[in-house]
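Visitor: Have a look at the structure that comes next, please.
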Amino acid sequence: MIAGGGLAGLSLAAHLAVSGWGDRRVLVVDDPRARPSAVSWGFWSARPGLLDSAVSLTYQRVLFRAGGLDRVLPLGRYRYRVVRRPDLSAVVRRILLPCHGFEFLNGTVEHVAEDGTVTVDGRRVNGAWVFDSVTGPAGHPPVDARLAFTGWAVRCARPVFDPATPVLFDFRTPQRDGARFLYVLPDDPYRALVELTAFVPRHGRPPAAADRRAALAAYLSDELHAGGYAVSRTESAVLPLRTRAVPRRHGRVLAIGAAAGLVKASTGYAYERIQRDSAAIARSLVRHGHPFDPGPVRRRYRLLDAVLLDVFDRDPAAIEGAFARLFAALPAERVLRFLDEDDTAIDVLRVMAALPPRPYRLRRNLPDEVPNPPALTGLWRH
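The number in the numbering used here is simply the position in the sequence shown, starting from 1, with 2 added.
Okay, structure coming up:
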């Protein structure tokens, strides 16, 4: 059983269907009323993926504006892609058409028990395995920071956007209570998703909704000179960022998606991580008869996320300078490979060496599973 029909639940259903599990009975429980207002996901990748036919926008270059750097960056082998929920849902349902044992049920998941019993709208349903993206495991590690974002799908009265060039980072917005930047994903010269993202330190509060709306309006007017425009859709969410591992397994239950800690702590991106995790769960079921062999844990990235978040928590203004230094010193492809956790240890050292020298020491505890962490803090140069 899959508890939750969002990005993680739909992705897992598709990977199960194509990995030799398509002849089994799988129930996907989805509550349309509980869906977040975020209906699109951006990600970068250098390889084809199972759900690529759900991609609505693809870009080969991005515009970066931070720390005095104003540059169009080619992405090399990578492509920046956007998937929208209606397209993802349609593609997954097409994949599942031959799988007569897969069913969707609209309902509210109220409780998930370790023995695989799920309470849906007061009724108990039993599953051999339960993949839970709704309730998540008890005892989550503490939140290290948050990303709060609000996006407007706008249509402008005149051509404003370059449809071939999204804006990945633009820090030209007042910085307060953390760090803020905008990104722009254009559909055509008139239409785009314009989104404000705020990095909220551990003990900070996300900016008020009215503050975010005012910042978006100011950016469209003062920076993009959009003139008249109409907002057809609003997306918003607040993502918790954690650097410690989430205890995913509880009896016959495995947490998936954001509930499993798959939002990358240093970037807030999750789409590609969820695809890799879904494929690993499907492989484990086929090879071992259980879903609990997701592959090796890449501990060094959790440590690096902890280092970066600790720096940003104490000095949010460092975010702009760090990303400006990275994209000025290194090809965008190498930076994206690093952020995608697809590089070698030597690549990691090169990226960390490109960051501005700061006299930072970690003050919060590092993830417990990282061996000898003090030796690695030197990656952030003194």
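Think of the CB as a built atom: it goes at the ideal place given N, C-alpha and C, for glycine as much as any other residue.
All of these numbers come straight from a predicted model, not from anything done at the bench.
1) Which stretch, first to last residue, makes up the alpha helix (DSSP H) that contains HIS17?
2) Take the Cβ of ALA155 as the centre, count every other Cβ of all protein chains shown within 10 Å, and call the residue buried at 16 or more, exposed below.
3) Go to PHE104, then tell me how far its beta strand (DSSP E) extends in each direction, as first and last residue.
4) With a 10 Å radius around its C-beta and 16 neighbouring C-beta atoms as the bar for buried, classify PHE163 as buried or exposed.
5) Just curious, the beta strand (DSSP E) that VAL169 is in, first and last residue?
6) Go through the stretch 205-275 residue by residue and report every complete run of the alpha helix (DSSP H) that reaches 4 residues or more, in order.
7) What span of residues does the beta strand (DSSP E) with PHE201 cover, start to end?
8) What does DSSP give as the partner residue(s) for CYS158 in the beta ladder?
9) Looking at the structure shown, is ASP89 part of a helix, part of a strand, or coil, going by DSSP?
10) According to DSSP, simplified to helix, strand and coil, what is PRO76?
11) For LEU53, which of helix, strand or coil comes out of DSSP?
12) Could you check how far apart the C-beta atoms of VAL265 and GLU116 are, in whole angstroms? I think they sit under 8 Å.
13) Suppose you measure from the CA of THR119 to the CA of ALA5; what does that come to, to the nearest Å?
14) Cutting at 6 Å between CB atoms, please list the residues of its own chain near ARG302, excluding the five before and the five after it.
15) Where DSSP assigns a beta bridge to SER42, which residues make up the other side?
16) Taking Cβ positions, are PRO203 and GLY180 nearer each other than 7 Å?
17) On the three-state DSSP scale, how would you describe VAL47?
18) Determine the contact status of ARG148 and PRO242, defining contact as a CB-CB distance below 7 Å.
19) From the DSSP output, in three-state form, read off GLY6 for me.
20) Kindly indicate which three-state DSSP category VAL30 falls into: helix, strand or coil?
21) Per DSSP, what are the beta-bridge partners of TYR61 in this structure?
22) So, with DSSP's three-state summary, where would you put VAL136?
23) Going straight from the alpha carbon of PRO361 to that of PRO318, what length do you get?
24) Count the other CB atoms within 10 Å of the CB of GLY291; is the residue buried (16 or more) or exposed (fewer)?
Guide: So, from the listed chains and residues:
1) 9-20
2) buried
3) 104-108
4) buried
5) 169-172
6) 211-220
7) 193-202
8) TYR231
9) helix
10) strand
11) coil
12) Incorrect: roughly 24 Å between the Cβ atoms, too far for contact.
13) 11 Å
14) none
15) ARG86
16) yes
17) Inspection of the sequence shows that residue 47 is occupied by Ser rather than by Val. Of the three classes helix, strand and coil, the one that applies to SER47 here is strand, per DSSP.
18) yes
19) coil
20) strand
21) TYR82
22) coil
23) Residue confidence for PRO361 is low, a pLDDT of 40 falling below 50, so the modelled location carries little weight and cannot support an answer.
24) exposed
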